[in-house]
Amino acid sequence: MEFLELLLVLIALILMIKKPEKEKLAFTLVIIAWLMMVFFYVGHKTGALLTIMNL
Numbered sequence: 000m001e002f003l004e005l006l007l008v009l010i011a012l013i014l015m016i017k018k019p020e021k022e023k024l025a026f027t028l029v030i031i032a033w034l035m036m037v038f039f040y041v042g043h044k045t046g047a048l049l050t051i052m053n054l
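Counting in numbering that gives the first Met the number 0, the sequence shown runs from 0 upward without gaps.
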């Protein structure tokens, strides 16, 4: 999933370079990627059973 998030950011960067008039779409892609990263991080930390244990 990290690859998908980084891919969205890369697409947004390329979109900003190639078509600067699509800045709003590129910003939306970055926000979506950021929200996905936060969602997966929080889901991993709260849902994992052994996150606070050292084995």
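Just so you know, even glycine gets a beta-carbon here, dropped at the ideal spot from N, CA and C.
If you reduce the DSSP assignment to three classes, tell me which class residue 18 lands in. In the sequence shown, counting from the first residue as 1, residue 18 sits at position 19. Reduced to three states, the DSSP call for residue 18 is coil.
Candidates 36, 41, 44 and 29: which alpha carbon is nearest residue 59's? Because the chain here runs from 0 to 54, residue 59 falls outside it and cannot be looked at.
Which listed residue (18, 32 and 11) has its alpha carbon closest to that of residue 3: The sequence position of residue 3 within the sequence shown is 4, counting from 1. The residue with the shortest Cα to Cα distance from residue 3 is 32.
Distance between residue 11 and residue 26 (C-alpha atoms, nearest Å): Numbered from 1 along the sequence shown, position 27 holds the residue referred to as residue 26. Numbered from 1 along the sequence shown, position 12 holds the residue referred to as residue 11. Roughly 7 Å between the two C-alpha positions.
Between the CA atoms of residue 20 and residue 5 - distance to the nearest angstrom: Taking the first residue of the sequence shown as 1, we reach residue 5 at position 6. Taking the first residue of the sequence shown as 1, we reach residue 20 at position 21. Taking the straight line from one Cα to the other gives about 22 Å.
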